[in-house]
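Undergrad: Add 592 to a position in the sequence shown, counting from 1, and you land on the number used in the numbering used here. Glycine residues also receive a C-beta, built at the ideal position from the N, C-alpha and C atoms.
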Amino acid sequence: MLALMLASISLAVVLFRFSSYLETLGNWRYLGVAAAEFANSAMMIFPTPASAYTFAMGAALNPFLVGLIGGAAATVGELIGYNIGLRGNSVVADRPGIQRFSNWTERWGTTALLVCASLPVPFDIAGVWAGATRYPLAKFIPIVCIGKTIRATGIALAGYFGLEAASQFIG
C-alpha cells in the first residue's frame with residue numbers, strides 16, 4: 593500500500609513537472625483519464641495510480657469534464673467485478689446467511705453502492721457483492737456512475753485547486 597501511495601505521488605509530481613509536454617497532447621488527455629479510470633476499476637486486486645493521473649489532469653483540463661469522463665469509464669470497469677459476482681452466485685447461493693445478506697442488499701444496496709462508489713477507496717468488493725446478490729444491473733450502472741463521477745470530480749477539483757495553490761507556494 594505504501595508503494596502504491598509513493599507511486600501515485602511520484603506520478604503526480606512527474607505529470608506536474610512535465611505538464612508543458614502533456615499540453616501538446618491536447619484533448620487526448622481526456623482519453624488518458626478514461627483509460628486510467630477504467631483500468632483502475634477493472635484491475636480487481638491490483639490498484640493503479642489512476643487517482644494521481646486524474647488529480648494531475650484536473651489541474652490541466654476542465655476538472656468537471658475530467659470527473660464526468662473518469663466516472664463513466666470507471667463505471668464500465670466496475671462491470672467486470674459485477675459480472676464476477678454474478679457468475680459466482682451459484683457458489684454462494686445455498687450458503688447459510690446469504691438470504692439475510694440479500695434482504696439487506698434489497699433494503700440498503702442503493703445507498704451502500706452510492707457511498708462506496710463516491711469514496712476514493714477500493715470499490716471492487718462492492719461490485720462483486722452487487723453481482724453475487726443479483727442486484728439489478730439497471731440500478732447498479734446509474735448509481736455507480738453517479739458515485740464514481742462524484743469521486744473522480746472531487747479528485748480532479750482537488751488537482752485543480754491543489755496544484756494551483758502549490759504552484760503559487762513553490763513559485
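Can you give me the Cβ contacts of residue 747 inside the same chain, cut-off strictly under 6 Å, excluding the 5 residues immediately before and after it?
TA: So the qualifying residues of the chain are 643, 646, 647.
Undergrad: Between 680, 659, 622, 722, which lies nearest to residue 712 when the distance is taken from Cα to Cα?
TA: Closest option to residue 712, Cα to Cα, is 659.
Undergrad: For residue 677 and residue 723, which I take to be in contact (beta-carbon distance under 8 Å), what is that distance rounded to the nearest angstrom?
TA: With 8 Å as the limit, residue 677 and residue 723 qualify as a contact, their Cβ atoms being about 3 Å apart.
Undergrad: Quick check: what's the CA-CA separation for residue 739 versus residue 710?
TA: Roughly 4 Å separates the two Cα atoms.
Undergrad: What is the residue span of the alpha helix (DSSP H) that residue 727 lies within?
TA: First-last for residue 727: undefined, no H or E at that position.
Undergrad: If we ignore side chains and look at the alpha-carbon of each, how far apart do residue 617 and residue 609 end up?
TA: Residue 617 and residue 609: Cα-Cα distance of roughly 15 Å.
Undergrad: What residue does the alpha helix (DSSP H) around residue 667 start on, and which one ends it?
TA: From DSSP, the alpha helix (DSSP H) with residue 667 extends over 655–679.
Undergrad: Whose CA, out of 718, 705, 743, 619, lies closest to the CA of residue 663?
TA: Ranking the options by Cα distance to residue 663, first place goes to 743.
Undergrad: Taking the alpha helix (DSSP H) that residue 618 falls in, what are its first and last residues?
TA: That residue, residue 618, is in no alpha helix (DSSP H); it is neither H nor E in DSSP.
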